[in-house]
Amino acid sequence: MSMNNRVSHMIRALIYVVLLPFATSIMPGCSGHEEHPHQEKGHHSIVEQLRHADKDTIEYEVSTEELMADIKKVLAQVPESEKEFYVLERQSMIKSYPCSNCHSVPLEELKAESKDKKKAHWNIELVHAGSDAMECSTCHDTNNLDQLKTITGKALTFDHSYKQCAQCHSQQYKDWIGGAHGKRVAGWAPPRLIYSCASCHNPHSPAFKPRWPARLNTQKLKELNGK
Ligand code: HEC
Ligand code: HEC
Ligand code: HEC
Ligand code: HEC
Numbered sequence: 001m002s003m004n005n006r007v008s009h010m011i012r013a014l015i016y017v018v019l020l021p022f023a024t025s026i027m028p029g030c031s032g033h034e035e036h037p038h039q040e041k042g043h044h045s046i047v048e049q050l051r052h053a054d055k056d057t058i059e060y061e062v063s064t065e066e067l068m069a070d071i072k073k074v075l076a077q078v079p080e081s082e083k084e085f086y087v088l089e090r091q092s093m094i095k096s097y098p099c100s101n102c103h104s105v106p107l108e109e110l111k112a113e114s115k116d117k118k119k120a121h122w123n124i125e126l127v128h129a130g131s132d133a134m135e136c137s138t139c140h141d142t143n144n145l146d147q148l149k150t151i152t153g154k155a156l157t158f159d160h161s162y163k164q165c166a167q168c169h170s171q172q173y174k175d176w177i178g179g180a181h182g183k184r185v186a187g188w189a190p191p192r193l194i195y196s197c198a199s200c201h202n203p204h205s206p207a208f209k210p211r212w213p214a215r216l217n218t219q220k221l222k223e224l225n226g227k
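Note that the UniProt record's numbering gives residue 53 to position 53 of the sequence shown, counting from 1, and the numbers run on in steps of one.
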């Protein structure tokens, strides 16, 4: 077989193998067999298919249960979510808990007693919304400081403080439930365990301060200066 012949042979083979099946598949009624039985029930657009994309069809063989064993967590109280998930505990992280160690008498009494002394919570400065919208008692139950409260006065434990944030930041809350805001702990395999809002944001001053990169990029500087 000459070189030319061999090349034309290969091209013809290519047409049969690659192009012909493609051509028949785009011609209506030409495929001859039922490759896509679901198409009989009507065409499914990408968007329609995505609507069910949250229904996880992957059967995981691994689990992060073991990795999570020593991590303090609670089952999230999120009726909005179809799936159960865990959130990091907060209460056990708070050094001054139980607050009732000092707050066993009414706040007004405590305040009168400590009037001339250094403020007990001198390290807490409220930089969150304006003072019209927010004061200590917006979030803390001043009748029982061992717990938080909602705007309507319903009790919340410190472990479920994300529900408090959700009252005003509903968009971030929805994103957090879906996994688009926040972060997972211990990998992607189930069960799902995520950081609570207060794991990242200080509720008293929640905005992140702008900061410089950890290291000056000297290479970039050289490039910018054309050296
Ligand atoms: C070591 C004692 C002590 C502990 C523990 C303590 N507090 Fe206090 N707290 C005080 C005193 C005293 C005051 C009275 C005002 C002051 O001195 O700042 C006070 C005041 C407050 C106020 C009112 C502040 C204001 O300006 O109106 C809040 C809210 C509060 N505490 C929350 C808490 C919470 C929540 C905890 C637990 C996580 C806690 N405290 C734990 C001593 C304590
Ligand atoms: C937006 C809601 C909110 C407001 C307003 C607020 N707190 Fe808190 N506070 C929290 C939450 C939530 C925690 C638990 C934080 C965590 O999980 O680490 C907390 C923790 C604390 C603690 C224990 C941890 C620590 O930093 O010592 C004290 C004390 C406290 N708050 C006092 C106050 C005082 C005093 C004010 C008013 C000046 C205030 N808080 C205003 C939500 C709030
Ligand atoms: C009573 C309503 C209310 C509650 C409860 C509340 N926030 Fe806020 N928060 C606000 C308002 C109002 C602002 C100011 C928004 C602005 O300046 O655009 C704010 C600002 C913030 C910011 C800064 C946003 C920015 O763009 O800089 C963060 C982060 C934040 N809140 C997180 C939280 C977290 C976490 C909690 C729960 C511990 C919480 N908030 C609870 C009302 C609330
Ligand atoms: C894993 C850490 C983490 C967790 C958990 C987290 N956040 Fe954030 N949040 C961030 C970061 C990072 C930003 C971006 C800050 C910036 O751009 O300056 C942010 C930004 C925000 C802002 C500012 C507006 C915006 O969307 O950029 C709000 C409000 C907020 N978070 C609320 C919440 C609430 C409410 C929760 C819980 C339901 C939560 N966050 C959980 C890290 C976290």
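Even glycine gets a Cβ: it sits at the ideal position worked out from N, Cα and C.
Within a 10 Å sphere around the beta-carbon of D159 sit 16 or more other beta-carbons, which makes this residue buried. Shown here for I177: same chain residues with a beta carbon closer than 7 Å to its own, the five before and five after excluded, namely V78, E80 and S81 in chain order. By the Cβ test, the region 125 to 134 is in contact with the region 204 to 221, since at least three Cβ pairs between them sit closer than 8 Å. Given a length threshold of 4 residues, each whole run of the alpha helix (DSSP H) inside the region 101 to 145 is given here in chain order: 107 to 113 and 136 to 139. Membership of Y173 in the alpha helix (DSSP H) is indicated by the continuous run S170 to G178.
In the displayed model, Y86 falls within a strand according to three-state DSSP.
Under the DSSP assignment, K163 falls in the alpha helix (DSSP H) whose first and last residues are Y162 to A166. Of the residues assessed, H140 falls on the buried side of the cut-off, its CB having 16 or more other CB atoms within 10 angstroms. Taking each of S100, L107 and M68 in turn and checking the Cα distance to E89, the smallest one comes out for M68. In this structure, H140 has its beta carbon less than 7 Å from a heavy atom of ligand 1.
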